[in-house]
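The opening position of the sequence shown corresponds to residue -9 in the working numbering, with each subsequent residue numbered one higher.
Since the structure comes first, as structure tokens, the remarks are kept for the end.
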Amino acid sequence: MKIVLASSNKGKLKELKELMDDFEVYSYGELIEPFEIVEDASTFKGNALLKARAVYDALNDKDAIVLSDDSGISVEALGGEPGVFSARYAGAGATSEENLQKLIENLKKLGLKSSPAYYTAALAIIYKGREQSVHGWMHGSVIDEKRGNNGFGYDPIFVPLGYDKTLGELSESIKKELSHRSKALRLAKILLKGLNK
Ligand code: ITT
């Protein structure tokens, strides 16, 4: 079963490919020229569907199975920010480092060293024009300084519930066990295995 991942995010692609080693997986950039996809929905699910549809249409392959991932972090002390704006928290085209620094600055402005937070991943699947989606979450907290270099994005400031280290410090195998993406993918795999192939 050949699956096309509708993402250009290297960190996500690495995790998804490792978590899907029981499938034949390609990033869409390995098959066609990557293009910009406007993610203007108000929910993770909405944006995941926009990405999956855009790539499904561009592939022009009626047998393609497309899987997209829209994800982000929601911080309690910041009223749920950055949420669906996680990739562009510090502005359009911002780097992961700029987004993470903005989150730390906003915590500091409130005089906080940490806040409860959670990651969300919405995965959308399109096959033969039929759309499905699943979600996964990882709860924990964000802290006001970077620790460790593992993972990507906000991982160096995220401490999963039950741990005292950030995902930047913890091993990749722990993130694989706990993450929003791996939880959503467990559900997505059930859908993928049920597709009429
Ligand atoms: P694609 O749309 O091409 O998949 P993107 O980076 O634009 O890539 P999103 O719009 O879903 O993806 O933004 C998700 C952002 O949330 C991402 O840029 C990270 O900063 C953050 N994020 C999501 N999952 C994460 C994780 O597991 N660890 C750390 N940060 C994560």
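Glycine is no exception: its CB is placed at the ideal position from the N, C-alpha and C atoms.
Please find out if some non-hydrogen atom of the ligand ITT comes closer than 7 Å to the beta-carbon of D60. Along the sequence shown, read from residue 1 onward, the residue named residue 60 stands at position 70. Under cutoff, so the answer is yes.
Just to confirm my understanding: we take D59, look at its own chain, exclude 5 residues before and 5 after, and list those with CB closer than 7 Å. What are they? Within the sequence shown, numbered from 1, the residue matching residue 59 stands at position 69. Contacts found: S(-3), K2, L6, A38, A111, L113 and R171.
Range covered by the beta strand (DSSP E) that runs through A114: To locate residue 114, count along the sequence shown from 1; it is residue 124. Taken as a continuous stretch (DSSP letters only), the beta strand (DSSP E) holding A114 covers S104 to Y117.
Once the 5 residues before and after L151 are set aside, which same chain residues still bring their CB inside 6 Å of it? Reading the sequence shown from its first residue, position 161 is the one you call residue 151. Only H129 and G130 meet the Cβ criterion.
Would you mind stating whether A80 and E71 have Cβ atoms separated by less than 8 Å? For the purposes of this step, residue 80 is taken as the residue at position 90 of the sequence shown. For the purposes of this step, residue 71 is taken as the residue at position 81 of the sequence shown. Taking 8 Å as the Cβ cut-off, A80 and E71 do not qualify as a contacting pair.
Would you call G158 buried or exposed, if buried means 16 or more other Cβ atoms sit within 10 Å of its Cβ? On the sequence shown, residue 158 is found 168 positions in, with the first residue counted as 1. Looking at its Cβ environment, which holds 16 or more other Cβ atoms inside 10 Å, G158 is buried.
Can you name the residues that DSSP bridges to I133? As a position in the sequence shown, residue 133 is number 143, starting the count at 1. Answer is S104, bridged to I133.
Straight-line CA distance for L185 to Y117? Counting from one through the sequence shown, the residue named residue 185 turns up at place 195. Counting from one through the sequence shown, the residue named residue 117 turns up at place 127. Their backbone Cα atoms lie some 8 Å apart in a straight line.
Buried or exposed for G101, please, with buried defined as at least 16 other CB atoms from any protein chain shown within 10 angstroms of its CB. Reading the sequence shown from its first residue, position 111 is the one you call residue 101. Flag for G101 reads exposed.
Could you spell out the range, first to last residue, of the alpha helix (DSSP H) harbouring L181? Along the sequence shown, read from residue 1 onward, the residue named residue 181 stands at position 191. Where L181 is concerned, the enclosing alpha helix (DSSP H) stretches over H170 to K183.
Taking just the CA atoms, how far does V65 sit from P106? For the purposes of this step, residue 106 is identified with residue 116 of the sequence shown, where counting begins at 1. For the purposes of this step, residue 65 is identified with residue 75 of the sequence shown, where counting begins at 1. Looking at the two C-alpha atoms, the distance is approximately 6 Å.
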